[in-house]
Amino acid sequence: MMPKRKKEGKNMYSEGYVYGVTDVYYALMTTEDTVASAPVYASPAVLGKDIGLTITPVYKENKVYASNYATRMEKRVDHYNVSLNIDHVPFDTIQAVLGRTTDSKGVQHIVGGNQAPYLALIFALTLDNNQKELYVLYKGKLSEPTINGATDGETTSYQHPTLEGYFIRRMNDDKLAAMAESGKAGVDATVVTTWFSDVYEEPSST
217 MMPKRKKEGK NMYSEGYVYG VTDVYYALMT TEDTVASAPV YASPAVLGKD IGLTITPVYK
277 ENKVYASNYA TRMEKRVDHY NVSLNIDHVP FDTIQAVLGR TTDSKGVQHI VGGNQAPYLA
337 LIFALTLDNN QKELYVLYKG KLSEPTINGA TDGETTSYQH PTLEGYFIRR MNDDKLAAMA
397 ESGKAGVDAT VVTTWFSDVY EEPSST
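So, in structure tokens, the structure goes:
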């Protein structure tokens, strides 16, 4: 005799589908990672209200052929290409994340020698089961935004900047990113509530 199937209660977890995205946060690296030491991050701050984002993994692929056959194939994620469509990035924020210089009269300068700082990117995708997929990309740089302008007409058409970036593996632990899903069994509640407060790091095993 087959056992009776338990009815799913209102509070039981169910898999969700992505339908939205929340604000995007950034955390500047105050000290960079090395082979022997982990980086230090500043407190996360809001980059902007996200309209859309694309995170594309880029792979390193290797194949070995012998005796007319592929005897080994490997495909490992190497870095992420990132595209962020933001509603508006504040003047001071764009300077901080792109490394622009500012003169004595408050004018920002974009020159070839500008070096954008390394930073972590933190965001969440919203799910239709009222949960969130939480992400942090650990080490990357953003580049100057794509800027659009359009004349005002019968209807107002707002223009929004797009920031491109790339995120690489950290030297100290080879990590590119981390992610968690709220509501999922085994995910500590404090992970969810503090996700945007600090850059998440794996607990020490010692």
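For reference, each letter of the sequence shown is one residue, going 217 to 422 in the working numbering.
Note that CB positions come from ideal geometry on N, CA and C, so glycine has one too.
Cutoff 7 angstroms; reference residue i; Cβ partners in own chain excluding five residues on either side
i: Phe412; result: Tyr241, Pro260, Ile338
i: Gly365; result: Gln375
Residue i vs residue j beta-carbon contact at 8 angstroms
i: Glu380; j: Val298; result: yes
i: Ala258; j: Leu244; result: yes
i: Val313; j: Leu269; result: no
i: Met395; j: Asp249; result: no
i: Leu392; j: His304; result: no
Rounded separation between residue i and residue j - CA only
i: Leu358; j: Pro419; result: 28 angstroms
i: Ile302; j: Ser230; result: 30 angstroms
i: Asn284; j: Asp390; result: 34 angstroms
i: Pro377; j: Asp266; result: 10 angstroms
i: Glu397; j: Thr246; result: 28 angstroms
i: Glu349; j: Thr342; result: 6 angstroms
i: Tyr354; j: Pro273; result: 14 angstroms
i: Val415; j: Ala282; result: 45 angstroms
i: Thr409; j: Ala340; result: 12 angstroms
Residue i, buried or exposed, once every other Cβ within 10 Å from all chains shown has been counted against 16
i: Thr406; result: exposed
i: Glu370; result: exposed
i: Ile363; result: exposed
i: Lys222; result: Confidence in Lys222 is poor, its pLDDT being 48 and thus under 50, which makes the residue's placement unreliable; the coordinate value appears in the next sentence. Lys222 should be labelled exposed.
i: Ile326; result: exposed
i: Phe307; result: exposed
i: Val323; result: exposed
Heavy atom of the ligand GTP within 7 angstroms of residue i beta-carbon
i: Pro419; result: The ligand GTP is absent from the structure shown, which contains no ligands of any kind.
Contact set for residue i: own chain, Cβ-Cβ below 6 angstroms, skip 5 residues either direction
i: Asn345; result: Ser230, Gly232
i: Ala423; result: Only positions 217 to 422 of the chain appear in this structure, which leaves residue 423 out of reach.
Residues near residue i by beta carbon distance below 8 angstroms, same chain, minus five either side
i: Gly315; result: Asn330, Gln331, Ala332, Pro333
Q | Unbroken stretches of the beta strand (DSSP E), 3 residues or longer, contained in the stretch 281-364 | A | 285-302, 335-343, 348-358
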